[in-house]
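**Q** Just so we're aligned, residue 0 is where the first sequence starts under numbering that gives the first Met the number 0, counting upward by one.
Using N, Cα and C, we set each Cβ at its ideal position, and we do this for glycine too.
Fair warning: this is a prediction, and the values are worked out from it, not measured in the lab.
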Amino acid sequence: MPELPEVEVSRLGISPFLIGNDIKKIHVYQANLRWPVPEAVYLTEGLAITSIYRRAKYLLLETVMGSLILHLGMSGKLRVVDRTTPRIKHDHVDIELTTGKVLRLNDPRRFGAFLFQAPNETHPLLTKLGPEPLTEKFNANAIYQRSRGKQLAIKQFIMDNHVVVGVGNIYANEALFKAGIDPRRAAGNISLARYQKLVGHIKETLHQAIAQGGTTLKDFAQTDGRPGYFAQQLLVYGKAGQPCPQCFRELAEVRQNNRSSVYCRTCQK
DNA sequence: CGGTCTACCTGAAAGC
DNA sequence: TGCTTTCAGGTAGACC
0 MPELPEVEVS
10 RLGISPFLIG
20 NDIKKIHVYQ
30 ANLRWPVPEA
40 VYLTEGLAIT
50 SIYRRAKYLL
60 LETVMGSLIL
70 HLGMSGKLRV
80 VDRTTPRIKH
90 DHVDIELTTG
100 KVLRLNDPRR
110 FGAFLFQAPN
120 ETHPLLTKLG
130 PEPLTEKFNA
140 NAIYQRSRGK
150 QLAIKQFIMD
160 NHVVVGVGNI
170 YANEALFKAG
180 IDPRRAAGNI
190 SLARYQKLVG
200 HIKETLHQAI
210 AQGGTTLKDF
220 AQTDGRPGYF
230 AQQLLVYGKA
240 GQPCPQCFRE
250 LAEVRQNNRS
260 SVYCRTCQK
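Structure representation (structure tokens):
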């Protein structure tokens with residue numbers, strides 16, 4: 000499922016229901032997510048959620064005793080429902096509030112996570128992450144320098160969490176198309192000027208998707224339970240064999256590290 | 001270290 | 001129709 004825009008949209012969607020309200024009880028129906036759910040999550044029962052922020056694709060719900068950490072993996076969804084709403088298949092975790100609302104995590108593939116971090120600590124998973132893509136810390140100069148000497152394909156380079164977080168397969172494809180860069184090109188073989196273009200397109204693409212409520216394919220629903228928006232304008236992802244939106248020649252597809260890359264042989268070099 | 005590959009899990013879709 | 005195979009938006013950790 001979710002790429003960064005969906006996670007950000009989820010954050011915006013759930014915040015009004017959660018911030019300032021008390022956690023009544025945490026219900027873990029399936030503790031075997033990507034990592035076992037730690038007992039420490041129960042330390043937050045009885046406490047108010049003071050803020051919710053996002054780091055990469057992790058959501059952190061803060062209380063004075065520590066933060067609950069959520070990750071949606073490939074198939075996770077968050078919804079805010081009434082306490083009495085019956086659970087459905089793959090509803091694994093409920094964060095029940097004293098308001099009668101419940102933040103409910105549904106995740107068929109269980110690649111998601113529900114973890115905890117103590118106050119003034121950073122969970123080990125969050126310590127090695129690269130810059131946020133929508134901040135100044137992610138800029139052309141920095142990744143140009145970092146890419147020198149690398150034979151790694153540019154697509155894999157920008158999907159590396161140490162380089163920049165939050166660029167998943169969909170947006171890597173889209174941004175490379177907009178920047179006119181062949182996804183297979185060696186990262187170390189790309190000029191600063193082209194990195195400037197690429198960085199701009201990554202930021203723009205993510206901004207657009209957030210603004211439109213997150214790209215919605217089959218797995219995402221709005222956090223208040225309404226179905227999500229459908230198909231923002233993706234230019235190339237999932238469109239192999241169809242005409243390039245720019246030159247109308249057939250879009251090609253290759254696999255890189257087991258992930259599909261769709262690109263235009265003519266427009267991307 | 002840099003780069004590649006597997007593993008985790010379910011379900012939809014495609015192939016036969 | 002039904003069985004088998006492939007693929008899916010993530011990413012840590014093992015491996016060479």
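Can you tell me where the alpha helix (DSSP H) with ALA185 in it begins and where it stops?
**A** Element bounds for ALA185: n/a, residue is neither H nor E.
**Q** Which residue marks the beginning of the beta strand (DSSP E) containing GLN255, and which one marks its end?
**A** 251-255
**Q** Rounded to whole angstroms, what's the CA-CA distance from LEU60 to GLY19? Just pull it up for me.
**A** 11 Å
**Q** Look at LEU128 and ASN160 and say whether their C-beta atoms are less than 8 Å apart.
**A** The Cβ atoms of LEU128 and ASN160 lie closer than 8 Å to each other.
**Q** Hey, TYR170 and GLU2: beta-carbon distance below 8 Å or not?
**A** yes
**Q** Report back the beta-carbon spacing between VAL79 and ILE13 to the nearest angstrom; my notes put them in contact at under 8 Å.
**A** Rounded, the Cβ-Cβ distance is 6 Å, consistent with contact.
**Q** So, with DSSP's three-state summary, where would you put PHE219?
**A** Note that PHE219 scores 44 on pLDDT, short of 50, meaning its location in the model is unreliable; the coordinates nonetheless yield the value given after this. Residue state, collapsed to three classes: coil.
**Q** Per DSSP, LYS24 is paired with what?
**A** GLU95
**Q** Check TYR52 in the structure and name its three-state DSSP category.
**A** For TYR52, the three-state secondary structure derived from DSSP is strand.
**Q** Touch check for the stretch 148-162 and the stretch 96-111: three-plus C-beta pairs under 8 Å?
**A** no
**Q** Quick one: any contact between the stretch 75-90 and the stretch 186-193, if contact means 3 or more CB pairs under 8 Å?
**A** no
**Q** Ends of the alpha helix (DSSP H) at ASN279?
**A** Shown here, the chain extends from 0 to 268; a query on residue 279 therefore has no answer.
**Q** What are the start and end residues of the alpha helix (DSSP H) that includes ILE311?
**A** Coverage of the chain is limited to positions 0 through 268, which leaves residue 311 absent and any answer about it impossible.
**Q** Quick check: what's the CA-CA separation for THR121 versus PRO244?
**A** 44 Å
**Q** Would you mind reading off the limits of the alpha helix (DSSP H) that contains ALA141?
**A** 139-146
**Q** Could you tell me the alpha carbon to alpha carbon distance between ALA141 and ARG147, rounded to whole angstroms?
**A** 11 Å
**Q** What do you reckon, are the CB atoms on ILE144 and ALA185 nearer than 8 Å?
**A** Going by the sequence as given, residue 144 is Gln instead of Ile. No.
**Q** Could you give the C-beta distance for GLY65 and ALA30, rounded to a whole number, given that I count them as a contact under 8 Å?
**A** The Cβ separation is near 18 Å, so there is no contact.
**Q** Near ARG264, what residues of its chain come up, given a Cβ to Cβ distance below 6 Å and the 5 sequence neighbours on each side ignored?
**A** ALA251
**Q** Using DSSP with H/G/I as helix, E/B as strand and the rest coil, what is PRO35?
**A** Collapsing the DSSP output to three states places PRO35 in a strand.
**Q** In the DSSP output, what is HIS70 paired with across the bridge?
**A** TYR57, ALA112
**Q** I need the straight-line Cα distance from LEU11 to ARG54, nearest angstrom please.
**A** 14 Å
**Q** CA-CA distance, ASN270 and GLY45?
**A** Here the chain has residues from 0 to 268 only, and residue 270 is not among them.
**Q** Is THR62 helix, strand or coil when you go by DSSP?
**A** strand
**Q** I'd like the span of the alpha helix (DSSP H) that includes LEU17, first residue to last.
**A** 3-17
**Q** Whose C-alpha, out of LEU114, THR98, ILE189, is nearest the C-alpha of ALA47?
**A** THR98
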